[in-house]
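Below is one structure, written out as structure tokens; comments come after it.
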């Protein structure tokens, strides 16, 4: 019996020990100091009798120490008296150990269950995966088979193609040979045919009885009333001459037509050139603004050359040199215009991109922020609602648990329920509000993006117009674009500017005047200025001043953080206002 | 639009004189000359046999009547009814007879194209041109009547001879780079001669008056080639219709192709107007709003009118028999309007359709889909107005303003087989099988058409 119990206990203890050792460091050190002598009377099991107390004690002591617990009894204390406290402590420790062992066992069992279920699951998944693998393998083989078949098909088709090609070649050869044979036959037949014709002709001519004849009552005169002429060398020459005459006249008319066409084209070219020059000269001040002063000067000199050219264009229209010059100048102008347009384009795209970024960032950021904020607000509300709901449900579902209390607090409950309901309602309302707000927010975001797009479109149109307005066709386009007043004004000035070079110069000189904003304040002085300017339309001297003025003005207008086009635009506005001003001063 | 009464004719031999004053018709072996304006008979001549060909001289003074079976040509004078002339080609035979441009010579082509006999009415002189080629169009006179181009065949090679019509002096004689020359045609200004090969090979050659080769054009090889060739009246375009159902337009400066007009069976072109003829069997006296009321023909129950079809239109196509020679496919008829602005074409496997192209925009303008095959179409010599007939009792007119169909109001079902404009463009000669009838255009025709289109 003691063996059995010992046998029963010891492995457990060992187990727990080992497990505890395994799991974590044993917290038994606290017991090691306490050495309490064991009391012999306490051991009443068959393991211990009156006689073998000492042995039992030593045995237990041994056992306990082997378990790493403080000894129950020490020889040094001398007596047979056991330290009860020590024993009890030991017992307690043992029980603790036992409990712990049981707990770990339980844990282990649970763990084992878990792991076994895990294993099951894994096995299941593995079988599934195996099946899948099988399936995919099958699919793969099927595909491979198909590929093989297709390859075979391709091969057979290629063979077919080859055969067909061969066939075609063969047939072509046959056709060619037949054609040559046929041609040969034809020729032979034709020769025979002509021979027969000759023979027939001979026979018919020789035949006596039915000859060709003409029977005319009296000869009639020629349609032109002249008599027919003998065939002589002279007539032959005359015919040749006439033939060449008709040919010559034909060529002549054609040449004349081409000349006309050429003249037309040249006119068009001249016009194009003029327009280009005007456009380029218009944009020159702007160009000077941006770090190409030498180019501007170059253009100036060319400008003069062109003016010189156009003055004698009527003379030089037909000379080769003039033509070359014209084409070259047009090419040059065109290149410049192209580069200008490209530059404008790139600028526009750059500006667009920049705007895109800023615009986008702002809108998206605000939008997202708002969204986040709303979400954050919504979350606690939802939680709150949920808890309330739960509480309500609990209260509603479990009144039987506390029948007495329910009876007592029924009225209170009802009241509270009312209150809850109201609160619920307000919360609902709040939620709705939030929802609406969120919707509004998204709508606003959408609207914002729309607006941005519209704005960009507008700007593209404006850019286009601005570019087009640079050309003298602007007055043609005028009715189309009356989108904004400023644009309209620009077009007006452009058209007026491009219509006559003198006026153009005037306009340019006008730009030297001080800011149009202060016109009402200093109208008299500006008018004087204008008068002086009009009297002296020297463009070169006035130009640099004008340039600096523009820049300042533009800065004044747009606080310096607007892209270059805006400057330009403002310049145009200046032009317009200036021209208007001009008129007023003239009227004065 | 008014119609004259119906006259008899045979072999569709009816011609208005070049000056537009007289109308000559052949009835069996009689030749009747009428005044165009009054339709009164002015002269009546009797020939020796049934007339197989009749033609006016360029000065409208003489008429030749050829009787090919007898090898005979009789010439009549309008001014001197007693004057007569008879040319007998004898046993050598006669297949073709025509006036020279001066109206004083007659060119007879003998049987088997043995030779061309030139008879002078002034001197009774006769001259021969040997080796004429039997082909689609072997002889052509320039528009001003100065030159004649003749296709010849010698030693299995094609040649072209250019004669001065004044005294039949051989001006130029040159070999052409053709396998089997099929036809030749002078440009209207008389400076360029277009020569094309037989349908076995797509080849168009352009020769100057002095025999220089200006250009050669070939669109493709191997399949059947050129079917028809036409110059525009201003000599700027040469339209070539071919068996591949396309018309190619060459320009007069580089002689390269400007564009090509295709004749697809389904029309997706939204810019072209598709007029479809629909026949309606209406009760007599129904108040139809179409033009027929104004003409006053309540005699026939079948009436046709045009409807405008919306864009994707499927055109009936007849597949040609590949085993037969001269397959019914390709563009066989081409005609420029007098101002060279429009080109009308007909594709043989879509025989009931006439296509009208704009030569300025180089695009399709209109498609007229008839209920039956188009027999004949011709442009008004003064206006851009196209008249066509399909062998039924209706006359069809197209102009840029619109399209009308007009019933010919004659008893006994006058079936219009062919038509000819008067040179003034005011009247139109309609030829039936055995009859003829004149159709007088209203001067406010355009307004009518406009009204008609407005009602659509």
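Protein chains in written order, with the working numbering: chain D, 6 to 593; chain C, 134 to 589.
Quick reminder that beta carbons are idealized off the backbone N, C-alpha and C, glycines included.
None of the values given here were measured: they were computed from a predicted structure.
Distance between beta carbons of residue j and residue i, contact taken as under 8 Å
{"i": "residue 175 of chain C", "j": "residue 155 of chain C", "result": "7 Å"}
{"i": "residue 361 of chain C", "j": "residue 322 of chain C", "result": "Contact flag wrong, Cβ pair sits at about 21 Å."}
{"i": "residue 237 of chain C", "j": "residue 253 of chain C", "result": "6 Å"}
{"i": "residue 359 of chain C", "j": "residue 332 of chain C", "result": "6 Å"}
{"i": "residue 519 of chain C", "j": "residue 363 of chain C", "result": "About 14 Å; that fails the 8 Å criterion."}
{"i": "residue 549 of chain C", "j": "residue 522 of chain C", "result": "4 Å"}
{"i": "residue 324 of chain C", "j": "residue 252 of chain D", "result": "6 Å"}
Straight-line gap, residue i to residue j (C-alpha atoms, nearest Å)
{"i": "residue 563 of chain C", "j": "residue 401 of chain C", "result": "34 Å"}
{"i": "residue 195 of chain C", "j": "residue 179 of chain D", "result": "56 Å"}
{"i": "residue 307 of chain C", "j": "residue 345 of chain C", "result": "9 Å"}
{"i": "residue 144 of chain C", "j": "residue 183 of chain C", "result": "10 Å"}
{"i": "residue 565 of chain C", "j": "residue 485 of chain C", "result": "19 Å"}
{"i": "residue 233 of chain C", "j": "residue 282 of chain C", "result": "12 Å"}
{"i": "residue 336 of chain D", "j": "residue 452 of chain D", "result": "47 Å"}
{"i": "residue 110 of chain D", "j": "residue 74 of chain D", "result": "21 Å"}
{"i": "residue 389 of chain D", "j": "residue 377 of chain D", "result": "19 Å"}
{"i": "residue 391 of chain C", "j": "residue 225 of chain D", "result": "49 Å"}
{"i": "residue 238 of chain D", "j": "residue 378 of chain C", "result": "50 Å"}
{"i": "residue 493 of chain C", "j": "residue 476 of chain C", "result": "10 Å"}
{"i": "residue 444 of chain D", "j": "residue 385 of chain D", "result": "19 Å"}
{"i": "residue 286 of chain C", "j": "residue 292 of chain C", "result": "6 Å"}
{"i": "residue 5 of chain D", "j": "residue 544 of chain C", "result": "Nothing about residue 5 of chain D can be reported from this structure: the residues present for chain D run from 6 to 593 only."}
{"i": "residue 347 of chain C", "j": "residue 276 of chain C", "result": "20 Å"}
{"i": "residue 144 of chain D", "j": "residue 161 of chain D", "result": "25 Å"}
{"i": "residue 244 of chain D", "j": "residue 227 of chain D", "result": "18 Å"}
{"i": "residue 533 of chain C", "j": "residue 491 of chain C", "result": "10 Å"}
{"i": "residue 402 of chain D", "j": "residue 124 of chain D", "result": "42 Å"}
C-beta atoms of residue i and residue j nearer than 9 Å
{"i": "residue 247 of chain C", "j": "residue 198 of chain C", "result": "no"}
{"i": "residue 250 of chain C", "j": "residue 256 of chain C", "result": "no"}
{"i": "residue 510 of chain C", "j": "residue 372 of chain C", "result": "no"}
{"i": "residue 569 of chain C", "j": "residue 140 of chain C", "result": "yes"}
{"i": "residue 352 of chain C", "j": "residue 375 of chain C", "result": "yes"}
{"i": "residue 288 of chain C", "j": "residue 318 of chain C", "result": "no"}
{"i": "residue 531 of chain C", "j": "residue 497 of chain C", "result": "no"}
{"i": "residue 275 of chain D", "j": "residue 342 of chain D", "result": "no"}
{"i": "residue 76 of chain C", "j": "residue 159 of chain C", "result": "The requested residue 76 of chain C is not part of the displayed model; chain C covers only 134 to 589."}
{"i": "residue 441 of chain C", "j": "residue 483 of chain C", "result": "no"}
{"i": "residue 343 of chain C", "j": "residue 249 of chain D", "result": "yes"}
{"i": "residue 270 of chain C", "j": "residue 316 of chain C", "result": "yes"}
{"i": "residue 66 of chain D", "j": "residue 77 of chain D", "result": "yes"}
{"i": "residue 72 of chain D", "j": "residue 107 of chain D", "result": "no"}
Selection from the options that minimises the alpha carbon distance to residue i
{"i": "residue 410 of chain C", "options": "C/404, C/566, C/507, C/394", "result": "C/507"}
{"i": "residue 263 of chain C", "options": "C/279, C/149, C/244, C/270", "result": "C/244"}
{"i": "residue 344 of chain D", "options": "D/438, D/95, D/472", "result": "D/472"}
{"i": "residue 499 of chain C", "options": "C/403, C/206, C/205", "result": "C/403"}
{"i": "residue 383 of chain D", "options": "D/435, D/446, D/338, D/427", "result": "D/435"}
{"i": "residue 142 of chain C", "options": "C/567, C/573, C/574, C/551", "result": "C/567"}
{"i": "residue 405 of chain C", "options": "C/389, C/446, C/382", "result": "C/446"}
{"i": "residue 216 of chain C", "options": "D/326, D/222, D/462", "result": "D/222"}
{"i": "residue 512 of chain C", "options": "C/454, C/205, C/503, C/472", "result": "C/472"}
{"i": "residue 461 of chain C", "options": "C/480, C/443, C/444, C/474", "result": "C/480"}
Under 9 Å from the C-beta of residue i: neighbouring residues of chain C
{"i": "residue 178 of chain D", "result": "Ordered by position in chain C, no residue passes the 9 Å Cβ test against residue 178 of chain D, which lies about 14 Å from the chain."}
{"i": "residue 271 of chain D", "result": "By Cβ distance, chain C contributes nothing, its closest Cβ being about 19 Å from residue 271 of chain D, past 9 Å."}
{"i": "residue 248 of chain D", "result": "279, 280, 295, 297, 304, 305, 342, 343"}
Beta-carbon neighbours of residue i, restricted to chain C and to distances below 7 Å
{"i": "residue 202 of chain D", "result": "245, 247"}
{"i": "residue 209 of chain D", "result": "224, 225"}
{"i": "residue 195 of chain D", "result": "289"}
{"i": "residue 267 of chain D", "result": "Correct list: empty, because the minimum Cβ distance to chain C is about 13 Å."}
Chain-ordered neighbours of residue i on chain D, where CB pairs are closer than 8 Å
{"i": "residue 322 of chain C", "result": "255"}
Neighbour list for residue i in chain D, Cβ cutoff strictly below 9 Å
{"i": "residue 218 of chain C", "result": "219, 220, 221, 222, 225"}
{"i": "residue 254 of chain C", "result": "219, 221, 224, 225"}
Neighbouring residues, chain B, relative to residue i (Cβ below 7 Å)
{"i": "residue 336 of chain C", "result": "Among the chains of the structure shown, chain B does not appear; the protein chains present are D and C."}
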